[in-house]
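Last residue of the sequence shown? That's 745 in the working numbering, and every number before it is there in order. From the three backbone atoms N, C-alpha and C, an ideal C-beta is built for every residue, glycine too.
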Amino acid sequence: MEMRYRILDSLRGAALVSMAAYHAVWDAAFFRGAEIKWFGGPAGRAWQLSICCSFILLSGFCCCMGRRPLRRGLTVFACGALVTAATWFFPDVRIVCGVLTLLGSCMLLSAPLKGAVQKCPPWPSAAVCAALFLAFYNAPRGFLGFGSFRLELPAFLYNNAMIFVGFPPAEFTSADYFPLLPWAFLFFAGAFLFRAALALGFNEKTAERLCVPPLEFLGRHSLAVYLLHQPVLLALFALF
């Protein structure tokens, strides 16, 4: 039986609620033309990043618990392909290499890399992954680093064949884009943090009192909630 930690399901459920709220605001602005000025600025971007980083870190944290990473990875990757297929003929909302594709890919990578993850010291490895995530954060935009501390990457890297890796061509667009670079580094930072947490005494009883049953329920069914929440929101907007 796979390990299951109620607190992690509750945290995942909280991230799902935040995600659904974010998409509700996005739908209101995009489909209903609502003027929500702050949403397109730093506050909206920070909200989006908080959701993305929470999901990816939690997925990396939990990947070490499962006994069937290949099956889980293939399932999540297939769901990502389904999302791409469902949005392919709608350019304004088309999703290519979305978050499910990323998570499925990282789960698949975690299987052959499991031995290395277990052998590396957790805290330094998590720090290295976090540093690489920050260093490669702007790689899809053509450079490494931030602000004046930047290294321009060769233009030949950016083509259709490299979209999945994180080097999209200039004309590429996707409503939800999470390539391997930089996001795989955040996923594996989560995996190392799991080992660090175990060393600190983390177990199934940890922070049990902080669990919120409704959020825990959502977290246990996160994939279904992710796939269904947007169609439900769109149906509600169409009705009301």
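Query                                                                                                                                                  : Result
What three-state label does DSSP hand E657 in the structure shown?                                                                                     : strand
How about L559 and A520: do their beta carbons lie closer than 8 angstroms?                                                                            : The amino acid occupying residue 559 in the given sequence is Ser; Leu does not appear at that position. Yes; because the gap between Cβ atoms is below 8 angstroms, this pair is in contact.
List the whole-angstrom C-beta distance separating G695 from F566, where the pair is believed to meet the contact cut-off of C-beta under 8 angstroms. : 4 angstroms
Suppose contacts are defined by Cβ-Cβ distances below 8 angstroms. Is F641 in contact with P687 by that definition?                                    : yes
Taking DSSP as the reference, what is the three-state secondary structure of L746?                                                                     : Because residue 746 is not part of the residues shown, which for the chain are 506 to 745, the question remains open.
So what does G650 bridge to, in DSSP terms?                                                                                                            : R655
To the nearest angstrom, how far is the alpha carbon of W543 from that of W628?                                                                        : 37 angstroms
Is the segment 668 to 679 in contact with the segment 597 to 608, if contact means three or more CB pairs nearer than 8 angstroms?                     : yes
Measuring straight from C-alpha to C-alpha, what distance separates V598 and F697?                                                                     : 34 angstroms
Three or more C-beta pairs closer than 8 angstroms, one from the segment 573 to 591 and one from the segment 613 to 621: is that the case here?        : yes
What is the DSSP secondary structure of M506, counted as helix, strand or coil?                                                                        : For M506, the predicted structure reports a pLDDT of 43, less than 50, and the residue's modelled location is therefore unreliable. A value from the coordinates is still provided. It is coil, neither helix nor strand.
Going by Cα to Cα distance, which pick from A644, N665, S653, S515 is closest to P659?                                                                 : A644
Consult DSSP for F672 and reduce its assignment to one of helix, strand or coil.                                                                       : coil
Which residues mark the beginning and the end of the alpha helix (DSSP H) in which V588 is found?                                                      : 574 to 592
According to DSSP, is V601 part of a helix, a strand, or is it coil?                                                                                   : coil
Which two residues bound the contiguous alpha helix (DSSP H) that contains F544?                                                                       : From DSSP, F544 is part of no alpha helix (DSSP H); its letter is neither H nor E.
To the nearest angstrom, report how far apart L723 and G518 are at their CA atoms.                                                                     : 5 angstroms
Report buried or exposed for A631, applying the criterion of at least 16 other Cβ atoms within 10 angstroms of its Cβ.                                 : buried
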